[in-house]
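Input: a single structure, listed below in structure tokens.
Numbering (mature numbering (1 follows the signal peptide of the UniProt record, and there is no 0)), first residue to last: -19 to -1, 1 to 85.
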């Protein structure tokens, strides 16, 4: 698996409600969150805190962070810890990887 966005978890600290970010065993490729944000890429909901690692930053067209009442109004309880909306460039032909995160 390629890891493209190595510092995104750290960047989210100032933007996401309730974000408490840490790197287990000082691994910059993995982040843990006390409360995970909802991640949506091209209308596809991704599971797990490290969901964005499968994206090449070169294919990202826009990234928007929704928080507080804006996130919960649009996404309900799923967005209570924030929502990250990502749009990829049309020529990217991005497809989500198989989800191996079984947490609900």
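Even for Gly, the Cβ is constructed at its ideal location relative to N, Cα and C.
DSSP-derived helix/strand/coil call for residue i
i	result
residue 68	strand
residue 61	coil
residue 33	helix
residue 55	helix
Pair within 9 Å by beta-carbon distance, residue i and residue j
i	j	result
residue 66	residue 51	no
Residue i versus residue j - alpha carbon distance
i	j	result
residue 63	residue 56	9 Å
residue 85	residue 26	Because the pLDDT at residue 85 is just 43, under 50, the model does not fix this residue reliably, and the value given afterwards should be weighed accordingly. Roughly 13 Å between the two C-alpha positions.
residue 71	residue 22	12 Å
residue 75	residue 69	7 Å
residue 73	residue 43	13 Å
residue 20	residue 58	13 Å
Residues sharing a beta bridge with residue i, DSSP
i	result
residue 41	69
residue 19	64
residue 46	65
residue 25	22
Contacts around residue i, its chain only, beta-carbon distance under 7 Å, and the 5 residues preceding and following it disregarded
i	result
residue -15	Here residue -15 scores only 45 on pLDDT, less than 50, and its place in the model should not be relied on; the value that follows carries that caveat. Answer for residue -15: 33, 34, 36, 38, listed in chain order.
residue 53	60, 61
Proximal residues to residue i (C-beta, below 8 Å), its chain only, five neighbours per side dropped
i	result
residue 77	22, 25, 27, 35
residue 40	69, 70, 73, 75
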